[in-house]
Amino acid sequence: MRKTAVVTGASSGIGAATARRLAAEGFDVVLAARRKDRLEELAAEIEAADPAGRRGGAAVVVLDVTSQESVDAFAEAVRQCHVLVNNAGGAFGLDPVVSADADDWRRMYDTNVLGLMRTTKALLPKLIASGAGHIVNITSLAGHAVYEGGAGYTAAKHAAAAVNDTLRLELYDRPVRVTEVAPGMVATEEFALVRFKGDADKAAKTYEGVAEPLVADDVADCVAWAVTRPAHVNIDRIDVKPRAQAAAHKVHRV
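Quick note: to get this note's numbering, add 35 to the position in the sequence shown (first position is 1).
Below you can see the structure in the form of C-alpha coordinates.
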(Lines of atoms letter the chains of each structure in order from A and count residues from 1; the text may use other names and numbers.)
(Lines give C-alpha, C1' and ligand atoms only; values in the text may rest on other atoms or scores of the structure.)
Protein backbone atom coordinates (compact mmCIF):
# COMPACT_ATOMS: atom_id res chain seq x y z
CA MET A 1 0.00 0.00 0.00
CA ARG A 2 1.37 3.40 -0.98
CA LYS A 3 1.92 6.11 1.60
CA THR A 4 -0.35 9.15 1.59
CA ALA A 5 0.87 12.75 1.75
CA VAL A 6 -1.55 15.58 2.49
CA VAL A 7 -0.58 19.02 1.20
CA THR A 8 -2.48 22.12 2.31
CA GLY A 9 -2.47 25.25 0.19
CA ALA A 10 -2.02 22.97 -2.81
CA SER A 11 -3.87 25.09 -5.36
CA SER A 12 -0.79 27.08 -6.42
CA GLY A 13 2.87 27.91 -5.80
CA ILE A 14 4.87 25.86 -3.31
CA GLY A 15 1.90 23.68 -2.40
CA ALA A 16 1.19 22.65 -5.98
CA ALA A 17 4.89 22.03 -6.69
CA THR A 18 5.20 19.93 -3.54
CA ALA A 19 2.19 17.83 -4.48
CA ARG A 20 3.62 17.16 -7.94
CA ARG A 21 7.00 16.19 -6.50
CA LEU A 22 5.61 13.89 -3.81
CA ALA A 23 3.43 12.13 -6.36
CA ALA A 24 6.56 11.61 -8.47
CA GLU A 25 8.23 10.14 -5.37
CA GLY A 26 5.45 7.55 -5.14
CA PHE A 27 3.10 9.09 -2.60
CA ASP A 28 -0.64 9.22 -3.10
CA VAL A 29 -1.29 12.92 -2.57
CA VAL A 30 -4.33 14.61 -1.08
CA LEU A 31 -4.63 18.13 -2.48
CA ALA A 32 -6.25 20.49 0.01
CA ALA A 33 -7.14 24.17 -0.50
CA ARG A 34 -10.16 26.42 -0.98
CA ARG A 35 -10.19 26.57 -4.79
CA LYS A 36 -11.64 23.26 -5.92
CA ASP A 37 -11.27 24.04 -9.63
CA ARG A 38 -7.52 24.61 -9.27
CA LEU A 39 -7.14 21.42 -7.25
CA GLU A 40 -9.04 19.38 -9.84
CA GLU A 41 -6.79 20.74 -12.60
CA LEU A 42 -3.70 19.78 -10.60
CA ALA A 43 -5.08 16.32 -9.81
CA ALA A 44 -5.77 15.72 -13.51
CA GLU A 45 -2.22 16.86 -14.35
CA ILE A 46 -0.71 14.48 -11.79
CA GLU A 47 -2.81 11.55 -12.99
CA ALA A 48 -2.01 12.28 -16.66
CA ALA A 49 1.73 12.32 -15.92
CA ASP A 50 1.54 8.67 -14.89
CA PRO A 51 -1.20 6.85 -16.82
CA ALA A 52 0.20 3.46 -15.85
CA GLY A 53 -0.25 4.23 -12.16
CA ARG A 54 3.34 3.50 -11.20
CA ARG A 55 3.67 6.73 -9.24
CA GLY A 56 1.25 8.27 -6.75
CA GLY A 57 -2.31 9.30 -7.51
CA ALA A 58 -4.14 12.45 -6.46
CA ALA A 59 -7.36 13.18 -4.56
CA VAL A 60 -9.02 16.54 -3.96
CA VAL A 61 -10.42 17.83 -0.65
CA VAL A 62 -11.68 21.39 -0.27
CA LEU A 63 -10.17 22.99 2.84
CA ASP A 64 -10.27 26.38 4.51
CA VAL A 65 -7.76 26.19 7.36
CA THR A 66 -9.40 29.18 9.08
CA SER A 67 -12.67 27.26 9.51
CA GLN A 68 -12.90 24.51 12.13
CA GLU A 69 -15.95 23.10 10.36
CA SER A 70 -13.98 22.84 7.12
CA VAL A 71 -11.03 21.23 8.90
CA ASP A 72 -13.30 18.68 10.57
CA ALA A 73 -14.82 17.69 7.22
CA PHE A 74 -11.35 17.53 5.68
CA ALA A 75 -10.05 15.21 8.42
CA GLU A 76 -13.06 12.95 7.95
CA ALA A 77 -12.32 12.70 4.22
CA VAL A 78 -8.65 11.75 4.66
CA ARG A 79 -8.53 7.98 5.16
CA GLN A 80 -4.85 7.71 6.10
CA CYS A 81 -1.94 10.11 6.44
CA HIS A 82 1.80 9.43 6.53
CA VAL A 83 2.97 12.95 5.64
CA LEU A 84 1.27 16.27 6.37
CA VAL A 85 2.70 19.33 4.64
CA ASN A 86 1.32 22.44 6.31
CA ASN A 87 1.82 24.93 3.51
CA ALA A 88 -1.34 27.06 3.68
CA GLY A 89 -0.47 30.60 4.75
CA GLY A 90 0.35 33.99 3.35
CA ALA A 91 1.33 37.60 3.93
CA PHE A 92 -1.12 40.49 3.86
CA GLY A 93 0.21 44.02 3.71
CA LEU A 94 3.64 45.56 4.32
CA ASP A 95 2.78 48.36 6.72
CA PRO A 96 4.88 49.54 9.66
CA VAL A 97 3.45 48.92 13.12
CA VAL A 98 2.35 52.54 13.46
CA SER A 99 -0.10 52.14 10.57
CA ALA A 100 -0.75 48.41 10.82
CA ASP A 101 -4.10 46.99 9.79
CA ALA A 102 -5.39 44.77 12.60
CA ASP A 103 -7.50 42.77 10.16
CA ASP A 104 -4.41 41.92 8.09
CA TRP A 105 -2.57 40.79 11.24
CA ARG A 106 -5.57 38.73 12.33
CA ARG A 107 -5.77 37.00 8.94
CA MET A 108 -2.05 36.20 8.99
CA TYR A 109 -2.23 34.71 12.47
CA ASP A 110 -5.39 32.75 11.69
CA THR A 111 -3.92 31.27 8.50
CA ASN A 112 -0.24 30.78 9.36
CA VAL A 113 -0.57 29.75 13.01
CA LEU A 114 -4.09 28.68 13.95
CA GLY A 115 -4.53 26.99 10.58
CA LEU A 116 -1.36 24.99 11.17
CA MET A 117 -2.66 24.01 14.62
CA ARG A 118 -6.09 22.99 13.32
CA THR A 119 -4.85 20.74 10.52
CA THR A 120 -2.10 19.17 12.63
CA LYS A 121 -4.47 18.46 15.50
CA ALA A 122 -7.04 16.98 13.11
CA LEU A 123 -4.63 14.59 11.37
CA LEU A 124 -2.26 13.74 14.22
CA PRO A 125 -4.09 10.53 15.21
CA LYS A 126 -3.71 9.25 11.64
CA LEU A 127 -0.06 10.30 11.49
CA ILE A 128 0.63 8.36 14.69
CA ALA A 129 -1.40 5.38 13.47
CA SER A 130 0.72 5.24 10.29
CA GLY A 131 3.67 4.11 12.40
CA ALA A 132 6.02 6.52 10.61
CA GLY A 133 4.33 9.90 10.33
CA HIS A 134 5.98 13.14 9.27
CA ILE A 135 4.79 16.73 9.70
CA VAL A 136 6.46 19.31 7.46
CA ASN A 137 5.68 22.93 8.26
CA ILE A 138 6.48 25.46 5.55
CA THR A 139 7.42 28.64 7.37
CA SER A 140 9.76 31.33 6.07
CA LEU A 141 13.04 33.07 6.81
CA ALA A 142 10.61 35.60 8.30
CA GLY A 143 10.16 33.07 11.10
CA HIS A 144 13.77 33.67 12.16
CA ALA A 145 14.44 37.29 11.19
CA VAL A 146 12.58 40.60 11.01
CA TYR A 147 12.41 43.50 8.58
CA GLU A 148 10.73 46.89 8.40
CA GLY A 149 7.06 46.68 7.46
CA GLY A 150 6.93 42.97 8.09
CA ALA A 151 5.99 42.83 11.77
CA GLY A 152 2.62 41.14 11.22
CA TYR A 153 4.01 38.46 8.93
CA THR A 154 7.24 37.88 10.86
CA ALA A 155 5.29 37.62 14.12
CA ALA A 156 3.02 34.97 12.60
CA LYS A 157 5.91 33.02 11.11
CA HIS A 158 7.93 33.23 14.33
CA ALA A 159 4.87 31.73 16.04
CA ALA A 160 4.64 28.98 13.42
CA ALA A 161 8.32 28.15 13.96
CA ALA A 162 7.70 27.97 17.71
CA VAL A 163 4.79 25.59 17.16
CA ASN A 164 7.02 23.43 14.96
CA ASP A 165 9.71 23.09 17.63
CA THR A 166 7.16 22.53 20.38
CA LEU A 167 5.53 19.73 18.40
CA ARG A 168 8.86 17.93 18.15
CA LEU A 169 9.19 18.03 21.94
CA GLU A 170 5.63 16.87 22.50
CA LEU A 171 5.92 14.01 20.01
CA TYR A 172 9.39 12.79 21.01
CA ASP A 173 8.03 9.39 22.08
CA ARG A 174 5.65 8.97 19.13
CA PRO A 175 6.48 7.71 15.62
CA VAL A 176 6.17 11.16 14.05
CA ARG A 177 8.96 13.33 12.67
CA VAL A 178 8.67 17.13 12.55
CA THR A 179 10.49 19.26 10.00
CA GLU A 180 10.46 22.99 9.28
CA VAL A 181 11.28 24.26 5.78
CA ALA A 182 12.00 27.99 5.88
CA PRO A 183 12.28 29.50 2.37
CA GLY A 184 13.73 32.88 1.58
CA MET A 185 12.84 34.75 -1.60
CA VAL A 186 10.64 32.51 -3.76
CA ALA A 187 9.10 33.90 -6.94
CA THR A 188 5.62 32.39 -7.24
CA GLU A 189 2.64 33.63 -9.18
CA GLU A 190 0.58 34.70 -6.15
CA PHE A 191 2.52 35.36 -2.93
CA ALA A 192 3.55 38.98 -3.53
CA LEU A 193 0.38 39.73 -5.48
CA VAL A 194 -1.73 38.65 -2.50
CA ARG A 195 0.49 40.56 -0.09
CA PHE A 196 -0.05 43.78 -2.04
CA LYS A 197 -3.76 43.10 -2.53
CA GLY A 198 -3.61 42.72 -6.30
CA ASP A 199 -1.18 45.56 -7.05
CA ALA A 200 0.92 43.92 -9.78
CA ASP A 201 3.47 46.76 -9.91
CA LYS A 202 4.26 46.53 -6.20
CA ALA A 203 4.38 42.74 -6.42
CA ALA A 204 6.87 42.86 -9.29
CA LYS A 205 9.23 45.14 -7.33
CA THR A 206 9.70 42.37 -4.76
CA TYR A 207 11.82 40.43 -7.26
CA GLU A 208 13.11 43.37 -9.31
CA GLY A 209 16.78 43.02 -10.17
CA VAL A 210 17.16 39.61 -8.54
CA ALA A 211 18.69 37.42 -11.23
CA GLU A 212 17.59 34.05 -9.88
CA PRO A 213 15.15 33.94 -6.99
CA LEU A 214 14.04 30.53 -5.84
CA VAL A 215 11.08 28.90 -7.58
CA ALA A 216 8.44 26.68 -6.01
CA ASP A 217 10.15 23.51 -7.24
CA ASP A 218 13.25 24.37 -5.19
CA VAL A 219 11.20 24.28 -1.99
CA ALA A 220 9.38 21.13 -3.09
CA ASP A 221 12.78 19.51 -3.55
CA CYS A 222 13.62 20.23 0.10
CA VAL A 223 10.33 18.74 1.28
CA ALA A 224 10.81 15.62 -0.83
CA TRP A 225 14.35 15.12 0.47
CA ALA A 226 13.29 15.46 4.11
CA VAL A 227 10.37 13.04 3.91
CA THR A 228 12.32 10.38 2.01
CA ARG A 229 15.08 10.05 4.63
CA PRO A 230 15.02 6.80 6.64
CA ALA A 231 12.30 6.80 9.30
CA HIS A 232 14.81 7.20 12.15
CA VAL A 233 16.29 10.37 10.62
CA ASN A 234 14.66 13.69 11.51
CA ILE A 235 15.63 16.82 9.59
CA ASP A 236 14.81 19.55 12.08
CA ARG A 237 14.96 22.58 9.78
CA ILE A 238 15.98 23.53 6.27
CA ASP A 239 16.72 27.18 5.50
CA VAL A 240 16.74 27.65 1.74
CA LYS A 241 17.57 30.90 -0.04
CA PRO A 242 18.66 31.94 -3.51
CA ARG A 243 22.38 32.60 -3.83
CA ALA A 244 21.60 36.31 -4.23
CA GLN A 245 20.04 36.46 -0.76
CA ALA A 246 22.61 36.59 2.02
CA ALA A 247 19.98 37.19 4.69
CA ALA A 248 16.28 38.00 4.89
CA HIS A 249 17.02 41.71 4.49
CA LYS A 250 20.16 41.57 2.28
CA VAL A 251 19.60 40.75 -1.39
CA HIS A 252 21.89 41.41 -4.36
CA ARG A 253 20.02 43.23 -7.13
CA VAL A 254 21.51 44.08 -10.51
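Here a beta-carbon is modelled for each residue, glycine too, at the ideal position from N, C-alpha and C. Only a predicted model underlies this, so the values are computations on that prediction, with no experimental measurement involved.
Asked                                                                                                                                                                    : Found
Can you give the Cα-Cα distance for Glu111 and Ala94, rounded to whole angstroms?                                                                                        : 14 Å
Does DSSP classify Arg153 as helix, strand or coil?                                                                                                                      : helix
Closer than 8 Å by C-beta to Thr223: which residues in its own chain qualify, once you throw out the five before and the five after it? Chain order, please.             : Ser47, Gly48, Ile49, Val250 and Ala251
Between Thr53 and Val41, how many whole angstroms is the CB-CB distance? I'm expecting something under 8 Å.                                                              : Between Val41 and Thr53 the Cβ distance is about 11 Å, and since that is not below 8 Å, they are no contact.
State buried or exposed for His267, treating a residue as buried only when at least 16 other CB atoms are found within 10 Å of its CB.                                   : exposed
State the DSSP-derived secondary structure class of Leu98, mapped to helix, strand or coil.                                                                              : coil
Which one or two residues does DSSP pair with Pro218 in a beta bridge?                                                                                                   : Val275
Val275: which of Val181, Leu206 and Ser175 sits nearest, CA to CA?                                                                                                       : Ser175
Output the distance between the C-alpha atoms of Asp107 and Val258, rounded to the nearest integer angstrom.                                                             : 25 Å
If distances are taken between C-alpha atoms only, which option among Arg73, Lys71 and Glu82 comes closest to Val64?                                                     : Glu82
What are the start and end residues of the beta strand (DSSP E) that includes Thr39?                                                                                     : Thr39 to Thr43
To the nearest angstrom, how far is the alpha carbon of Leu204 from that of Asp236?                                                                                      : 43 Å
Say whether the segment 89 to 104 touches the segment 62 to 77, bearing in mind that this needs 3 or more beta-carbon pairs closer than 8 Å, one atom from each stretch. : yes
Short check: CB of Val289 to CB of Gly244, under 7 Å?                                                                                                                    : yes
Going by alpha carbons, who is nearest to Ala60 out of His287, Arg264 and Ile270?                                                                                        : Checking the sequence shown, residue 60 turns out to be Glu, not Ala. The candidate whose alpha carbon is nearest that of Glu60 is Arg264.
Determine the burial state of Glu183: buried for a count of at least 16 other Cβ atoms within 10 Å of its Cβ, exposed for fewer.                                         : exposed
Classify Val213 as helix, strand or coil using the three-state DSSP reduction.                                                                                           : strand
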